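Everything on this sheet refers to the single structure shown next.
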Amino acid sequence: SRTQTFTGSWTSVSVNSGVSRQKRIIGGRNCHDTERLYHVRLESTNVTHRMRCGGSLIHPEWILTATHCWQPGWTIKAVLKVHPRTAVQQRPAIRLPPETYRLFGKLHDIMMLKLETPVTDVPVAPLPDCNNRLKVGDVVQLAGEGGTTTGPNNMRLPLTDAIPSELQCVNMKVNQVLDVMKYRGHLFSAQAPNKDICLGDDGGAAMHNGMIYGVIVIGGEPVCMKDPVTIMDVCEYQGWI
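Residue numbers for the sequence shown, in the working numbering: 144 to 384.
Here's what the structure looks like:
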């Protein structure tokens with residue numbers, strides 16, 4: 144089997160593509176066939192590295208994801224209709240560079256990718272009702288195709304090129320609504336016992352009442368199920384979107 148180098152959120156690791164196909168999103172379940180039809184798989188590459196992220200179709204021409212899912216000089220490809228697996232996947236072209244958000248010179252970890260041609264047969268993720276902001280205790284649903292089960296002592300395992308047989312969904316409760324972080328932006332965090340997101344889930348949506356309230360940017364590292372999942376607060380960027 145071949146060896147590839149994957150870039151996770153913050154680190155690069157060489158992994159063998161012959162590894163076992165572990166479940167994704169720790170403590171989750173297979174998403175129902177009627178859920179997450181707007182979920183997008185994003186594959187970014189340069190000469191030596193690959194990165195996989197999630198994203199959400201929020202308009203026939205626009206995908207919402209995390210800024211760190213693409214780097215200048217990299218190519219990026221979108222795969223639509225990844226869920227359910229019975230659908231015929233689409234690979235529309237993306238127009239680069241992406242739309243990113245800066246405030247006082249700081250790049251926030253939220254990004255929009257424009258498709259060269261609008262898609263007409265994929266449902267979009269509704270934007271949030273920002274008159275009803277998230278509060279501590281609200282339940283959000285996360286989803287993704289990233290790595291992994293945990294290793295020894297709940298250590299986070301590296302991302303591999305194995306795609307799970309089903310998109311994974313998991314519910315968590317908002318445990319904190321944060322002010323702006325210098326190198327991230329406006330955030331909230333969510334957590335649940337024995338549940339976590341993994342490398343490769345970044346960029347996916349945090350849904351509440353059927354609307355996209357957040358974009359996943361990071362889980363606790365390097366130990367799983369210890370720190371909350373950090374999520375960009377879409378309501379803080381709705382005017383820009």
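All residues carry an ideal CB built from backbone N, CA and C; glycine is no exception. None of these values were measured; they are calculated from a predicted model.
Nearest to residue i (by Cα), restricted to the options the options
i: Asp-370; options: Ile-355, Tyr-380, Asn-352 and Ile-340; result: Ile-340
i: Gln-233; options: Val-265, Thr-177 and Leu-270; result: Val-265
i: Arg-276; options: His-211, Leu-239, Gln-319 and Thr-260; result: Gln-319
i: Asp-176; options: Pro-227, Leu-185, Glu-186 and Asp-376; result: Pro-227
i: Lys-249; options: Met-315, Thr-191 and Gly-328; result: Gly-328
i: Gly-198; options: Glu-379, Tyr-380, Val-372 and Gly-357; result: Gly-357
i: Leu-239; options: His-251, Leu-258 and Asn-274; result: Leu-258
i: Val-225; options: Asp-252, Met-194 and Ser-308; result: Ser-308
i: Tyr-380; options: Leu-207, Asn-352 and Leu-180; result: Leu-207
i: Arg-179; options: Gly-353, Thr-373, Gly-382 and Ile-374; result: Gly-353
Cα-Cα separation, residue i to residue j
i: Leu-200; j: Cys-312; result: 17 Å
i: Leu-310; j: Asn-173; result: 6 Å
i: Ile-361; j: Leu-185; result: 16 Å
i: Glu-204; j: Glu-288; result: 22 Å
i: Lys-220; j: Lys-278; result: 35 Å
i: Ile-168; j: Arg-245; result: 30 Å
i: Ile-306; j: Asp-345; result: 15 Å
Residues near residue i in its chain [Cβ-Cβ closer than 7 Å; skip 5 each side]
i: Pro-241; result: Trp-213, Met-254, Met-255 and Leu-256
i: Ile-374; result: Leu-330, Phe-331, Ser-332, Ala-333, Ala-349, Gly-357, Val-358, Ile-359 and Val-360
Beta carbon of residue i nearer than 8 Å to that of residue j
i: Ala-286; j: His-182; result: yes
i: Ile-359; j: Gly-343; result: no
i: Ile-355; j: Pro-269; result: yes
i: Val-283; j: Ala-349; result: yes
i: Trp-217; j: Thr-263; result: no
For residue j and residue i, believed in contact at Cβ under 8 Å, the rounded distance
i: Thr-243; j: Thr-191; result: Contact flag wrong, Cβ pair sits at about 24 Å.
i: Gly-280; j: Lys-316; result: 6 Å
Residues of its chain near residue i, where Cβ-Cβ distance is below 6 Å and the 5 sequence neighbours each way are ignored
i: Gly-171; result: Gln-311, Cys-312 and Val-313
Residues of its chain near residue i, where Cβ-Cβ distance is below 8 Å and the 5 sequence neighbours each way are ignored
i: Ala-236; result: Leu-258, Glu-259 and Thr-260
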